[in-house]
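Some notes on the structure that comes next.
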Amino acid sequence: MHKVRAFGTALRQWLQRGSEKFVQAWQWAQQRTETWLWGVFGFLLVGAGTGSALFMFRRQIGTVLDPEVLDFWQVAGNVAAGKGLKTFVLRPIGLTPDFTPGPVPDLYHPPLPAILWGAAFALKGRPDERIAVLLAGVLIGIATALLFFVTMRLVNRWAALVAAGLLLAAPVTLSVGGMGQPAALAAALFTLWLVLLTRKAVWDKRFALTSGILLGITGLSNGLALLAAPFALASRRWISWRERVWFLVALLLVLLPYGWRNYRLTGIPLTPWKTYALLLNTRSFPSDSIYRHAFESLPSPIALAIQNAGSIVRKGFTNLRRLDQFGSAFGWLVILGALTAPIWWLRWKGTFLRTVTAIVLGTGASCLIILLLSRPSSESLFFLLPPFCLLTGANMATLAERILATRWWRWLTKPLLNRPYWIWVMGRMLPAFALGVVLIVAQGVAGLIFMKRIVPIRWDPAIQTLPLAEGLMNAWKGEKLLASDEPRWLAIRWQRPVVWLPCHREDWERLKLTEKVTHIWLSPGALMQVGGDADTSLRQTLLTGLPFLDRYYPTLLRAPRILMPTPFLIAGKPQTNNRPRLDKSLEAMSVDDLVKKALEHQQRKEYAQAERLLFAALMKQPQDSGKMGMIFFYLGGIWIERELYLLAIRALQAAWGETPGNFAVANNLAWSYLQHYERLSQLPQQPPFLGTLLAAAEQWAERALDNCPPDPQIRAHVLDTAAWVDFLQGRTKAGRGQDRWRLRRALKRLEEAYRLAPDNKLIREHLAAVYTELGMSEKAERLLSTK
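Reading the sequence shown from the start, the letters are residues 103 to 889 in the numbering used here.
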């Protein structure tokens, strides 16, 4: 009995202590209920960012084909494999004569994203698209959560919710997340840096060290973020100049190892290949030919930029026409909301909103100038999108407060004063609610349009062509090195060095590449490169099968295997002769006479004779790019009539390379891709790359529309081609329903084309097909019965 009493006493004491601890825990949890709830909400925002990225990848993108992204993944894969910040893409401008085929230091990508993505790939065991997309989505979600909480602290909860919605629905967010781009890391870190800036009213030494280190880390993920440093230093929140010095010291210490690495390799502390972007598309270095130009030693990009300053400035003014891409990517209302934020400068006196406005807009303007002088890219400015959304939300909330303070709004809501409190509160919230809904809906529509424009690609040409490339390379005894005009497609999965063509003849000889390169692979885009007469010679060679000797592609004839540019990778036999042979009977004829006679044969449907004459005109190598483009265009027209659409695509791509902006070339390219698509879609087993053909057709149709002259008949034909692309992508198919917006756009374009050319039978048939697909059968019947 004594033991029973002792057990009961112990049990009672244990239950009493347990209940006391439970009550204490419950009270502790009650005190932190709001913290837990906001933590759960932040977790949901991270999940929203991750989910949107995975959705975009799986449903809208399918396969990432962007060479820039693939190149970054390849470097991250090398990090995962323990090779360090190395790349298999070999640019001749950065090589020395004694180089051995192998990975070289990467001088293009910022190091921090490559290290982070490399760690993720190491966990997987190999570079993986889904892992990259998942990581980008998580970082976007973190940036969204940070944006929400900093906006809530600086403005209010509704503005924070609107800012988060604007960020998640922005087209550039969907693109960065869906393709697993490293820009997501810079966005998360820069938003975290802004959170740190707004936590202390006075910036002391401890803050200077912390913020300097964080901004330096952000700069290692996107160098443009460092342009925020001068505007942060100009703030009046520093205690004295000593804290500014500590900020700079911390910033430079973080950047020093990477800067010293670059200086040791190239002589400048910046990322060299990024710095060369100032010279791209200038008169001295058209397209990306700065990488093809021959130099005795690695040139200083800063010295070259100073020498070509006038050309760079002219390019900057030309790039002003491309500014609309930033509005389309960020959302026009976000851009407008951020740029008009300074109108509340006096009203925001004494708040952190002033500081954020000055730093963000100043950094944005500086970055924009740099991009205009190099290459405009909305992804490069993605790190500024979260603070832009913050300013837009703050702008909206301040505007709503101003509306509430107006006399007419007080008069309008005066009857609500006698109503229950919640009705009065809802009346006070109405302006902010209405403005926020308008912003989110407009941004959502922009994001939806962006999603609908993407044709999912389930076929990766790099994967499909890799087995053939492997077989050729392994079969060739003494195999050493592959050269390609687009090595980024192959390097990530091939995991071997690839020399980037075109390569200047002097570089080729200096690097002794004749002894090292055994194969040359040319991508489908090789024909469209715009780099001068070297690419013209390439186009001549690939279309006529004749050899050439020029500044670039110097061993095209010596390489044991040439892989030609088609949607499929095929092997071409090496040529043995060094000079193109010209038919003696045609040697005396001028290029114009040859073309004129070829067109006469084409009209009589004597295609073999027409081709022979046009090939003879090509072999004369006219110096005028317009004439050369015309010859390629006529060749493409002959092959369209013969229904040889792959050859037509090749010829028309060459014509575009000679005369970029020619609407007729773009329109015929769109039509050729369409016809090739329709032919392949009728096969019992449809190839997996059909979606890429439709995507290419849409791209060329839009280019044709952009460059189309005002002539009614010509515009009608171009509209018909673009509308038919929309119809093929929007119609009902097995496994999916209609894309109504594409069908509506097709209907609009075809109705305009029919008004311009009512006698065109093909346009009537296409318009009737769209009517039928949209359920307007009676209209279709009436249209077809019209004579």
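In this text, a Cβ means the ideal position worked out from N, Cα and C, and glycines have one as well.
DSSP has residue i in a bridge; who is on the other side?
{"i": "threonine 189", "result": "Val206"}
{"i": "valine 600", "result": "Val191, Leu584"}
{"i": "tryptophan 843", "result": "Answer by DSSP bridge pairing: none, since tryptophan 843 is not bridged."}
{"i": "tryptophan 340", "result": "Trp305"}
Contact defined as beta carbons within less than 8 Å: I believe residue i pairs with residue j. What is the distance between those atoms, to the nearest angstrom?
{"i": "proline 194", "j": "valine 462", "result": "With 8 Å as the limit, proline 194 and valine 462 do not qualify as a contact, their Cβ atoms being about 40 Å apart."}
{"i": "phenylalanine 223", "j": "glycine 144", "result": "Rounded, the Cβ-Cβ distance is 27 Å, inconsistent with contact."}
{"i": "glutamine 545", "j": "leucine 613", "result": "So it is not a contact: roughly 50 Å between Cβ atoms."}
{"i": "valine 181", "j": "glycine 220", "result": "3 Å"}
{"i": "alanine 327", "j": "alanine 288", "result": "6 Å"}
{"i": "threonine 246", "j": "leucine 269", "result": "5 Å"}
{"i": "tryptophan 340", "j": "leucine 317", "result": "Tryptophan 340 to leucine 317, Cβ: 14 Å. No contact."}
{"i": "lysine 729", "j": "leucine 715", "result": "That pair is no contact at about 14 Å."}
{"i": "asparagine 258", "j": "alanine 499", "result": "6 Å"}
{"i": "alanine 806", "j": "tyrosine 775", "result": "Actually they do not touch by this definition, with Cβ atoms about 12 Å apart."}
{"i": "valine 148", "j": "glycine 227", "result": "Their Cβ separation, rounded to whole angstroms, is 25 Å, which puts valine 148 and glycine 227 out of contact at 8 Å."}
{"i": "proline 203", "j": "lysine 618", "result": "6 Å"}
{"i": "arginine 590", "j": "proline 169", "result": "4 Å"}
{"i": "phenylalanine 292", "j": "threonine 320", "result": "5 Å"}
{"i": "alanine 352", "j": "leucine 311", "result": "5 Å"}
I'd like the list of long-range same chain contacts for residue i, defined as Cβ closer than 8 Å, with 5 residues on each side in sequence excluded.
{"i": "leucine 256", "result": "Thr300, Thr453, Phe454, Leu455, Val458, Leu492, Ala496"}
{"i": "threonine 874", "result": "Ala882"}
{"i": "tryptophan 741", "result": "Tyr747, Leu749, Ala750, Ala753"}
{"i": "glycine 153", "result": "Gly239"}
{"i": "valine 362", "result": "According to the sequence as given, residue 362 is tryptophan; it is not valine. Contacts found: Pro371."}
{"i": "asparagine 764", "result": "Gly731, Phe735, Ala757, Trp758, Asn809"}
{"i": "glutamate 880", "result": "none"}
{"i": "tyrosine 779", "result": "Leu792, Leu795, Leu796, Ala799, Leu830"}
{"i": "alanine 150", "result": "Gly243, Thr246, Leu270"}
Who are the Cβ neighbours of residue i in its own chain at under 7 Å, not counting the five residues just before and after it?
{"i": "alanine 443", "result": "Thr459, Leu493, Ala496, Asn497"}
{"i": "alanine 112", "result": "none"}
{"i": "glutamate 975", "result": "Outside the displayed span of the chain (103 to 889) sits residue 975, for which this structure offers no information."}
{"i": "leucine 406", "result": "Leu381"}
{"i": "serine 313", "result": "Trp295, Leu298, Leu299, Phe349"}
{"i": "arginine 847", "result": "Asp828"}
{"i": "lysine 675", "result": "For lysine 675, the predicted structure reports a pLDDT of 36, less than 50, and the residue's modelled location is therefore unreliable. The matter cannot be settled from this model."}
{"i": "alanine 548", "result": "Pro273, Gly433"}
{"i": "glycine 837", "result": "Because glycine 837 sits at a pLDDT of 49, beneath the cut-off of 50, its placement in the model cannot be relied upon, and the following sentence gives the value as read from the coordinates. Contacts found: none."}
{"i": "glycine 280", "result": "Ala155, Met158, Phe159, Gln162, Ile163, Val235"}
{"i": "tyrosine 523", "result": "Model confidence at tyrosine 523 stands at a pLDDT of 47, short of 50, so the residue's coordinates are unreliable and nothing is read from them."}
{"i": "serine 479", "result": "Leu473"}
Once you ignore the five residues that flank residue i on each side, which residues in its own chain have a CB closer than 6 Å to its CB?
{"i": "arginine 833", "result": "Glu875"}
{"i": "tryptophan 446", "result": "Thr500"}
{"i": "arginine 385", "result": "Ser413"}
{"i": "tryptophan 375", "result": "Leu209, Tyr210"}
{"i": "phenylalanine 670", "result": "Low confidence applies to phenylalanine 670: its pLDDT is 32, below 50, so where it sits in the model is not reliable enough to give any reading."}
{"i": "leucine 241", "result": "Ala286, Leu287, Ala290"}
Item to complete: Could you say if the segment 201 to 216 and the segment 163 to 179 meet the contact criterion of at least three C-beta pairs nearer than 8 Å?
Response: Cβ pair count under 8 Å is three or more, so yes.
Worksheet item: Can you list the beta strand (DSSP E) stretches of 3 or more residues lying completely in the segment 237 to 286, in chain order?
Response: You should have found no qualifying run.
Worksheet entry | 4 or more residues per run - each alpha helix (DSSP H) lying fully within the segment 283 to 336 | Runs found: 285 to 299, 307 to 321, 331 to 335.
Discussion item. When you compare the segment 304 to 321 with the segment 234 to 250, are there three or more beta-carbon pairs, one atom per stretch, that lie closer than 8 Å?
Written reply: No: fewer than three Cβ pairs fall under 8 Å.
Worksheet item: What residue ranges within the segment 420 to 454 form continuous alpha helix (DSSP H) runs of no fewer than 4 residues, ordered along the chain?
Response: Fully enclosed alpha helix (DSSP H) runs of 4 or longer: 426 to 432, 434 to 441.
Fill in: Inter-stretch contact (C-beta, 8 Å, three-pair minimum) for the segment 808 to 828 and the segment 766 to 782
Cβ pair count under 8 Å is three or more, so yes.
Worksheet item: Should the segment 402 to 417 be called in touch with the segment 466 to 473, which here means at least 3 C-beta pairs below 8 Å?
Response: The segment 402 to 417 is not in contact with the segment 466 to 473.
Worksheet item: Which parts of the segment 715 to 754 are runs of the alpha helix (DSSP H), unbroken and 4 residues or longer, counting only runs that do not cross its ends?
Response: Counting only runs of 4+ residues, the alpha helix (DSSP H) found wholly inside the segment 715 to 754 occupies 727 to 743, in chain order.
Worksheet item: Per the contact definition of three or more C-beta pairs closer than 8 Å, is the segment 823 to 831 in contact with the segment 840 to 853?
Response: The segment 840 to 853 is in contact with the segment 823 to 831.
Fill in: Length-filtered (3 minimum) beta strand (DSSP E) runs lying within the segment 351 to 416
Segments of the beta strand (DSSP E) lying fully in the segment 351 to 416: there are none.
Fill in: Contiguous alpha helix (DSSP H) assignments of at least 4 residues, all confined to the segment 150 to 183
If only complete runs of 4 or more residues are kept, the segment 150 to 183 shows the alpha helix (DSSP H) at 169 to 182, in order along the chain.
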